[in-house]
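Trainee:
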Ligand code: FES
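In the working numbering, the protein residues as written are 10 to 196.
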């Protein structure tokens, strides 16, 4: 490069160097722009799509769930039990002493104030993750009137609290909110 530059006129060499520099700078600029353009689809793919965001929550119409019934809905690939508890069942759950519980938690802390009859829990046993029975009509509810996990015999009460069997924890209460008095949004 030094030989070529010394054979040319000073002005043209200087101009040539500048032009090569310019070409390098410009081509470098194109590389950077090209890399940015190539990266955009990948960056764009990292943003959750609108349909993915919609799947992160699920709205549940409570109107068809009669007192004493429960339903199972799917949320983020997991079953969720939504139970409409009769008043007597709520009272019975609130009369349970915390000292009787393996994972002590008040019923009041597992439901939302003003919607005390609605119990919303994950339908995932806290032992090894089986789906307990008791949400569908005719299924066994276990010895404590809530849910029964047939895999290894865990019994949950009508507050979803573990009462007997190998499960260590209460059924998890997911994040949810009442959108109207008869509709909740889970997630
Ligand atoms: S997975 Fe439910 S008792 Fe074992």
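Even for Gly, the Cβ is constructed at its ideal location relative to N, Cα and C.
1) Taking Cβ to Cβ, would you say residue 93 is nearer than 7 Å to residue 108?
2) Applying the 10 Å Cβ sphere with the 16-neighbour rule, what's the burial state of residue 83?
3) Could you give the DSSP three-state label for residue 163: helix, strand or coil?
4) Residue 131: buried (16+ other C-beta within 10 angstroms of its C-beta) or exposed?
5) Does the beta-carbon distance from residue 179 to residue 172 come in below 7 Å?
6) Are residue 164 and residue 151 touching if we call contact CB-CB under 7 Å?
7) Find out if the Cβ-Cβ distance for the pair residue 134, residue 104 is shorter than 7 Å.
8) Note down the Cα distance separating residue 125 from residue 138, rounded to an integer number of angstroms.
9) Using the beta carbon as the reference atom, which residues fall closer than 7 Å to any heavy atom of the ligand FES, ordered along the chain?
10) Along the chain, which unbroken stretches of the alpha helix (DSSP H) at least 4 residues long are found entirely within the region 74-125?
11) If you check the beta carbons only, do residue 191 and residue 110 fall under 7 Å apart?
12) Judging by CA-CA distance, which residue of 174, 166 and 147 is the nearest neighbour of residue 160?
13) Excluding five sequence neighbours on each side, which residues of the same chain lie with their C-beta closer than 6 Å to the C-beta of residue 158?
14) From which residue to which residue does the beta strand (DSSP E) around residue 69 run?
15) For the beta strand (DSSP E) containing residue 170, name the first residue and the last one.
16) Between residue 143 and the ligand PLP, is the CB less than 6 Å from at least one heavy atom?
17) For residue 155, count neighbouring C-beta atoms within 10 Å of its own C-beta (all shown protein chains included) and say buried if the count is 16 or more, exposed if not.
18) Can you look up residue 138 in the DSSP assignment and give me helix, strand or coil?
19) Could you please give me the residues that DSSP links to residue 192 through a beta bridge?
Mentor: Once the coordinates are examined:
1) What you label residue 93 is simply residue 84 of the chain shown in a count that begins at 1. What you label residue 108 is simply residue 99 of the chain shown in a count that begins at 1. Not a contact, by the Cβ cut-off of 7 Å.
2) Residue 83 sits at position 74 when you count from the first residue of the chain shown. So residue 83 counts as exposed.
3) Taking the chain shown and counting its residues from 1, the one referred to as residue 163 is at position 154. In this structure, residue 163 counts as strand in the three-state DSSP scheme.
4) One-based indexing of the chain shown puts residue 131 at position 122. Buried is the call here.
5) Numbered from 1 along the chain shown, position 170 holds the residue referred to as residue 179. Numbered from 1 along the chain shown, position 163 holds the residue referred to as residue 172. No, the Cβ-Cβ distance between residue 179 and residue 172 is not below 7 Å.
6) As a working mapping, residue 164 is identified with position 155 in the chain shown. As a working mapping, residue 151 is identified with position 142 in the chain shown. Their beta carbons are under 7 Å apart, which means residue 164 touches residue 151 by this criterion.
7) In the chain shown, residue 134 corresponds to position 125, counting from 1. In the chain shown, residue 104 corresponds to position 95, counting from 1. No, the pair does not count as a contact, with Cβ atoms beyond the cut-off.
8) Taking the first residue of the chain shown as 1, we reach residue 125 at position 116. Taking the first residue of the chain shown as 1, we reach residue 138 at position 129. Cα to Cα, the separation comes out at about 26 Å.
9) 134, 136, 137, 138, 139, 141, 158, 160, 161, 162, 163, 174, 175 and 176
10) 96-103
11) On the chain shown, position 182 is the one that residue 191 refers to. On the chain shown, position 101 is the one that residue 110 refers to. Cβ atoms of residue 191 and residue 110: not closer than 7 Å.
12) Residue numbering aside, residue 160 sits at position 151 when the chain shown is read from its first letter. Per the Cα distances, 174.
13) The residue labelled residue 158 in the question sits at position 149 within the chain shown. Same-chain partners within the cutoff: 134, 139 and 141.
14) Numbered from its first residue, the chain shown carries residue 69 at position 60. That run of the beta strand (DSSP E) goes 67-70.
15) As a working mapping, residue 170 is identified with position 161 in the chain shown. Per DSSP, residue 170 belongs to no beta strand (DSSP E) and is neither H nor E.
16) No copy of the ligand PLP occurs in the structure displayed; its ligands are the ligand FES alone.
17) By 1-based counting over the chain shown, the position of residue 155 is 146. So residue 155 ends up on the buried side.
18) Residue numbering aside, residue 138 sits at position 129 when the chain shown is read from its first letter. Note: residue 138 maps to coil in three-state DSSP.
19) For the purposes of this step, residue 192 is identified with residue 183 of the chain shown, where counting begins at 1. Residue 192 pairs with 70 and 189.
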